[in-house]
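Trainee: Quick one: this structure, given as structure tokens, is what I'll be asking you about.
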Amino acid sequence: MASVVCVFCFSVPMKEKKLMDVKIGELPKWILMRDFTPKGIAGAFQRGYYRYYNKYVNVKKGSVAGVSMVLAAYVLFNYCRSYKELKHERRRKYH
Amino acid sequence: MLSRAVLSTVATAAPCVKNAALLGPGVLQATRIFHTGQPSQAPVPPLPEYGGKVRHGLIPEEFFQFLYPKTGVTGPYVLGTGLILYFLSKEIYVVTPETISAVSTIGLLVYVVKKYGASIGEFADKLNEQKIAQLEEAKQASMKYIQDAINLEKSQQALVQKRHYLFDVQRNNIAMALEVTYRDRLHRVYREVKNRLDYQIAVQNMMRRKEQEHMINWVEKHVVQSISAQQE
Chain A
2 MASVVCVFCF SVPMKEKKLM DVKIGELPKW ILMRDFTPKG IAGAFQRGYY
52 RYYNKYVNVK KGSVAGVSMV LAAYVLFNYC RSYKELKHER RRKYH
Chain B
565 MLSRAVLSTV ATAAPCVKNA ALLGPGVLQA TRIFHTGQPS QAPVPPLPEY
615 GGKVRHGLIP EEFFQFLYPK TGVTGPYVLG TGLILYFLSK EIYVVTPETI
665 SAVSTIGLLV YVVKKYGASI GEFADKLNEQ KIAQLEEAKQ ASMKYIQDAI
715 NLEKSQQALV QKRHYLFDVQ RNNIAMALEV TYRDRLHRVY REVKNRLDYQ
765 IAVQNMMRRK EQEHMINWVE KHVVQSISAQ QE
């Protein structure tokens, strides 16, 4: 990967860049570089969980936000799942 | 690979426990050397005081900061209002009877959280503090116990320097006992010798007395004999 080799002298190689540092054009390449083995996916879930947990729950003076954000996300997720049945309860057919 | 895992991940865990777990029963792995690197001496970082900031309990502060350069302070709120109106008007969010129950539930929850949130937080903090105080007490008690043991050990080590007093006393006692027995025996010797000499003296006295008595008797007898011979 020539781009990786010439970039390496100046900055971090592609594989270790975080998502916010990747440019839009490089996004597909970056996504394909990620680890899609089951172990990698499990590792990603674990990392995400611990990131959220350590930021909002595992503190000395936690607030309701740690729990309420999870519940709100759950509500949203279930609403999206049941949208197909809810479509029939619309008051107007054409918007 | 195992040694790398040991060095890189849990360098501060109890090494002896790990070692014991890795050595199976009866299997002595003499070729493997664990813990060749320096364990990290850094203390565990303390828990953060507050969590990440969240506005209205739902949206993290980072979102507001993300939109601030482009839209200022009201940007996210305008976005939120616009989104809500869009969802309502296009009926992506459908108003059903459930909406009313959801609104009342959420209103009740918000009221409860706003009214009792702080006191519940303080109660939880107090519980935490009690737990920490207990642990701290246990730690202090353990430290005190160990310190007392150390002091006792030191004082006993200091006593070792004073052992010679014991031995001096014992030596003095023995010397006195020897002296006493020596004098006692001397005295006995003196008594025995005196006894023997007294016996000799007593024998001589008795002999003299007996001789005297015998002479007196003999003289008396002869005098009486001569008197009686003279009378006839």
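Chains A and B are the protein sequences, given in the same order. Letter by letter, the first sequence follows residues 2 to 96 of my numbering. Letter by letter, the second sequence follows residues 565 to 796 of my numbering. Beta carbons: idealized from backbone N, C-alpha and C, even for Gly.
Should residue 685 of chain B and residue 57 of chain A be called a contact, given that it needs their Cβ atoms to be closer than 9 Å?
Mentor: No, they are not a contact pair.
Trainee: For a cutoff of 9 Å on Cβ pairs, would you count residue 61 of chain A as touching chain B?
Mentor: Yes - at least one Cβ of chain B is within 9 Å of the one on residue 61 of chain A.
Trainee: Taking only runs of the alpha helix (DSSP H) that begin and end inside the stretch 603-685 of chain B, which ones reach a length of at least 4 residues, in chain order?
Mentor: The stretch 603-685 of chain B contains these whole alpha helix (DSSP H) runs: 625-635 and 639-653.
Trainee: Under a Cβ-count criterion, where at least 16 other Cβ atoms within 10 Å of its own Cβ denotes burial, should residue 66 of chain A be classed as buried or exposed?
Mentor: The residue is buried, with at least 16 neighbouring Cβ atoms inside 10 Å.
Trainee: Which runs of the beta strand (DSSP E) at least 3 residues long sit entirely within the stretch 718-791 of chain B? Give them in chain order.
Mentor: Complete beta strand (DSSP E) runs here, min 3: none at all.
Trainee: Would residue 642 of chain B and residue 652 of chain B be called neighbours here (beta carbons separated by less than 9 Å)?
Mentor: In this structure, residue 652 of chain B does not lie closer than 9 Å to residue 642 of chain B by Cβ.
Trainee: Should residue 64 of chain A go down as buried or exposed, given a rule of 16 or more other Cβ atoms within 10 Å for buried?
Mentor: Result: buried.
Trainee: Which value, in whole angstroms, describes the spacing of the CA atoms of residue 777 of chain B and residue 768 of chain B?
Mentor: Using only the alpha carbons, I get a separation of about 14 Å.
Trainee: In the DSSP assignment, what residue or residues form a beta bridge with residue 40 of chain A?
Mentor: Note: residue 40 of chain A sits in no beta bridge, so no partner.
Trainee: In angstroms, rounded to a whole number, what distance separates the CA positions of residue 714 of chain B and residue 699 of chain B?
Mentor: Cα to Cα, the separation comes out at about 22 Å.
Trainee: What three-state label does DSSP hand residue 94 of chain A in the structure shown?
Mentor: Three-state DSSP puts residue 94 of chain A in coil, outside helix and strand.
Trainee: According to a CB-to-CB cut-off of less than 7 Å, which residues of the stretch 609-640 of chain B neighbour chain A?
Mentor: Listed by position along the chain: 611, 612, 613, 614, 615, 616, 618, 621 and 622.
Trainee: Can you pull the chain A neighbours of residue 658 of chain B, defined as C-beta to C-beta under 7 Å?
Mentor: Residues of chain A passing the Cβ test: 87, 90 and 91.
Trainee: Classify residue 787 of chain B as buried or exposed, calling it buried when 16 or more other Cβ atoms lie within 10 Å of its own Cβ.
Mentor: Exposed, because fewer than 16 other Cβ atoms sit within 10 Å of the Cβ of residue 787 of chain B.
Trainee: So what's residue 88 of chain A in DSSP terms, helix, strand or just coil?
Mentor: Looking at residue 88 of chain A - three-state DSSP - the assignment turns out to be helix.
Trainee: Out of curiosity, what's the CA-to-CA distance linking residue 70 of chain A and residue 625 of chain B?
Mentor: Cα to Cα, residue 70 of chain A sits roughly 13 Å from residue 625 of chain B.
Trainee: Which chain A residues sit within Cβ distance under 9 Å of residue 642 of chain B?
Mentor: Result: empty, since nearest Cβ-Cβ is about 20 Å, beyond 9 Å.
Trainee: How about residue 56 of chain A: is its C-beta nearer than 9 Å to some C-beta of chain B?
Mentor: Chain B contact via Cβ: present.
Trainee: Can you have a look at residue 574 of chain B and say buried or exposed, based on whether 16 or more other CB atoms are within 10 angstroms of its CB?
Mentor: With a pLDDT of 47 at residue 574 of chain B, under the threshold of 50, the predicted position of this residue should be treated as unreliable, and no value is reported.
Trainee: Does the distance from the CB of residue 61 of chain A to the CB of residue 661 of chain B come in under 9 Å?
Mentor: Cβ atoms of residue 61 of chain A and residue 661 of chain B: not closer than 9 Å.
Trainee: If I follow the unbroken alpha helix (DSSP H) through residue 69 of chain A, where does it start and stop?
Mentor: Unbroken alpha helix (DSSP H) run through residue 69 of chain A: 66-82.
Trainee: Could you round the C-beta distance between residue 627 of chain B and residue 640 of chain B to whole angstroms and report it? I think they count as a contact, below 8 Å.
Mentor: Contact flag correct, Cβ pair sits at about 6 Å.
Trainee: Using a Cβ-Cβ distance under 9 Å, would residue 724 of chain B count as near chain A?
Mentor: So no, residue 724 of chain B is outside the interface.
Trainee: I want to verify the contact list: residues of chain A whose CB lies under 7 Å from the CB of residue 700 of chain B, in sequence order.
Mentor: Within chain A, no residue comes near residue 700 of chain B; the closest Cβ sits about 15 Å away, beyond 7 Å.
Trainee: My output table needs one value for residue 793 of chain B: the three-state DSSP class, helix, strand or coil.
Mentor: In the structure shown, residue 793 of chain B sits in a helix (DSSP, three-state: H, G or I).
Trainee: Taking just the CA atoms, how far does residue 75 of chain A sit from residue 665 of chain B?
Mentor: Computed Cα separation, rounded: 17 Å.
Trainee: Taking the alpha carbon of residue 620 of chain B as the point to measure from, which residue in B/673, B/766, B/748 and B/732 has its own alpha carbon closest?
Mentor: For the residues B/673, B/766, B/748 and B/732, the minimum Cα distance to residue 620 of chain B belongs to B/673.
Trainee: From residue 780 of chain B to residue 772 of chain B, what does the alpha carbon distance come to, in whole angstroms?
Mentor: Between residue 780 of chain B and residue 772 of chain B, the C-alpha separation is close to 12 Å.
Trainee: On the premise that residue 89 of chain A lies in contact with residue 655 of chain B, defined as a C-beta separation below 8 Å, what is that separation, rounded to the nearest angstrom?
Mentor: 11 Å between Cβ atoms; not a contact.
Trainee: Can you tell me the Cβ-Cβ gap for residue 31 of chain A and residue 18 of chain A, rounded? I've got them flagged as a contact below 8 Å.
Mentor: Residue 31 of chain A to residue 18 of chain A, Cβ: 7 Å. Contact.
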